[in-house]
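Chains as they are written, first to last, in this note's numbering: chain Z, 1064 to 1212; chain X, 13 to 375. Below is one structure; the comments refer to it alone.
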């Protein structure tokens, strides 16, 4: 008799779990579909997540000033040697010697988007954007200079 | 009677009388047979295309995708016709070490079984094609020819994948035939007839699923599960289990021979749903709600074949819902489900229905 009770219990439990499965799949059926129809929806419904890493940029304010202090931490933290800084020592108005950024070169072709440069930066001078349409025909075009002045 | 607006038989009788007046009767009958045969085959092909398109769209929606949407405008409407044209142009490869005759025969057996059962469906009042007083019994018998085709295909291809697939399919279909038979028998007990048209006409004052309440609903569920297994569709698609058996019994087939198996699979889905519609949802009978005479009048103006196809597609959707929800079962699980759970339940349901019928508890 005990076996029969177990059998009935298993029967009811099984039916219940099947119904849960069917409810779940019906929920997905009614959901908004996640397919991206890429080239067509480029300007309409395309959704690239905010935190997607596609391109390193150096934000500037209205006068074109950036936060980079040319400390070189990003260059040191980069595992691929993607970032190359050119710096020079200049004398400021109050007579102190200070390092200045001359050229911030970033090679998109060898970047693996690990984000260690952004994490290493003490002044948040660089960041990743989700601007992902970066394909070009010449390898040389992948090497970019991030600072404007 | 209210259902006579769309009765096809007076029209068909007139056509027959006209043909007999201009030619001998045997010629008239032959011509009519040919026309009906072509009609069945065209319906068969068109429904297969619709079902494959529906399957791809419904499957996509259950997986949060869109499905075919490029070929033929926005909805991808021409995707399936394009696939059909492609398969028609493909070569039928004949294998070196196979049993050539059986290898070529198998797809035709499968499609034959499918077409035979297909022509038993009650499309409309007076629109039946194969009509006999043991109709539902004939459907069960004819649908079992299909498994012979599957076994032959598996055996004659001379490959381990096809053979394992065929044996699995055979074991499964023969087991689930029992549950199907018992649930059909339950409904035969309820309507007191085996003739498909009589079963449908008996539901003029309410569909069987409402008239037979608890036992009818349980028989309906059993029928859907067993019918899914009968049509070799997931969660019971272990006969073709891609991951283990490449494509199961039709691994070695190509071109239109493969196309026949594919066609038969989808039409078997439609036939399973159509028989369920006939037995439980009133075939071509419109929906009537007691007391709402205005609504009932409007429902009567919708032709019977629209009701039949609409209800059938509703059940097809239910079957697709099941297919794209549950993972595939192992062969031992499939047989356990049948012999330890489904079959005892269908026996109980049959008993319950008989008791209800005897004591007049059905409506």
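Even for Gly, the Cβ is constructed at its ideal location relative to N, Cα and C.
Going by C-alpha positions, residue 97 of chain X is about 11 Å away from residue 271 of chain X. Linking residue 258 of chain X to residue 351 of chain X through their CA atoms gives a straight-line distance of about 28 Å.
Under the three-state reduction of DSSP, residue 233 of chain X is assigned to helix. Taking a Cβ-Cβ cut-off of 9 Å, the neighbours of residue 74 of chain X in chain Z comprise 1088, 1089, 1091, 1092, given in sequence order. Classified as buried, residue 199 of chain X has 16 or more neighbouring CB atoms from the shown chains inside 10 Å of its CB. Remark: C-beta atoms of residue 133 of chain X and residue 221 of chain X do not approach each other more closely than 8 Å. For residue 191 of chain X, the closest C-alpha among the options X:232, X:225, X:209, X:176 is that of X:232.
By the Cβ criterion, the region 1122-1131 of chain Z is in contact with the region 1187-1197 of chain Z, since at least three pairs of Cβ atoms, one from each stretch, lie closer than 8 Å.
By the rule that beta-carbons nearer than 8 Å mark a contact, residue 245 of chain X does not touch chain Z. Chain-ordered, the chain Z residues with CB closer than 9 Å to the CB of residue 337 of chain X read 1081, 1084, 1085, 1087, 1088, 1089. Under the three-state reduction of DSSP output, residue 1149 of chain Z falls in the strand class.
By the Cβ test, the region 233-253 of chain X is in contact with the region 275-289 of chain X, since at least three Cβ pairs between them sit closer than 8 Å. Around the beta carbon of residue 1077 of chain Z, fewer than 16 other beta carbons sit within 10 angstroms, so the residue counts as exposed. Considering only beta carbons, the part of the region 333-364 of chain X lying closer than 7 Å to chain Z consists of 333, 336, 337, 338, 353, in chain order.
A direct Cα-Cα distance of roughly 18 Å separates residue 76 of chain X from residue 1111 of chain Z. For residue 1208 of chain Z, the three-state secondary structure derived from DSSP is strand. Residue 145 of chain X counts as exposed, since fewer than 16 other beta carbons sit within 10 angstroms of its beta carbon. Excluding the 5 residues flanking it on each side, residue 72 of chain X has same chain C-beta neighbours closer than 7 Å at 78, 79, in chain order. Two segments are said to touch when three or more pairs of C-beta atoms, one from each, lie closer than 8 Å; by this definition the region 244-260 of chain X does not touch the region 103-119 of chain X.
Distance from the CA atom of residue 154 of chain X to the CA atom of residue 29 of chain X, rounded to whole angstroms, is 32 Å. Inter-residue distance for residue 59 of chain X and residue 279 of chain X is about 7 Å (C-alpha atoms, whole angstroms). Put simply, the CB of residue 1107 of chain Z is far from chain X, with every gap to its CB atoms at 8 Å or more.
As the crow flies, the alpha-carbon of residue 36 of chain X is around 31 Å from that of residue 207 of chain X.
Residue 77 of chain X belongs to the set of residues whose beta carbon lies under 8 Å from a beta carbon in chain Z.
Annotation for residue 1103 of chain Z: the continuous alpha helix (DSSP H) segment containing it runs 1101-1104. Against chain X, the CB of residue 1074 of chain Z has a partner CB under 8 Å away; the residue lies at that interface.
Here the alpha carbon of residue 152 of chain X sits roughly 7 Å from the alpha carbon of residue 193 of chain X.
Contact check for residue 319 of chain X against residue 135 of chain X fails: the beta carbons are separated by 8 Å or more. About 5 Å separates the beta carbon of residue 335 of chain X from that of residue 245 of chain X, a gap short enough to meet the 8 Å contact definition. In the DSSP assignment, residue 91 of chain X falls outside any beta strand (DSSP E) and within the unbroken alpha helix (DSSP H) covering 91-100. Inter-segment contact for the region 1162-1175 of chain Z and the region 1134-1153 of chain Z is present: three or more beta-carbon pairs are separated by less than 8 Å.
Residue 1166 of chain Z is bridged by DSSP to Z:1149.
Counting along the chain, residue 1192 of chain Z sits inside no alpha helix (DSSP H); it lies in the beta strand (DSSP E) bounded by residues 1190-1192.
Interface criterion met: the Cβ of residue 1098 of chain Z is under 8 Å from a Cβ in chain X. In this structure, DSSP gives residue 1125 of chain Z a state outside helix and strand, which the three-state scheme calls coil. In the DSSP annotation of this structure, the continuous segment of the beta strand (DSSP E) that includes residue 1118 of chain Z starts and ends at 1118-1120.
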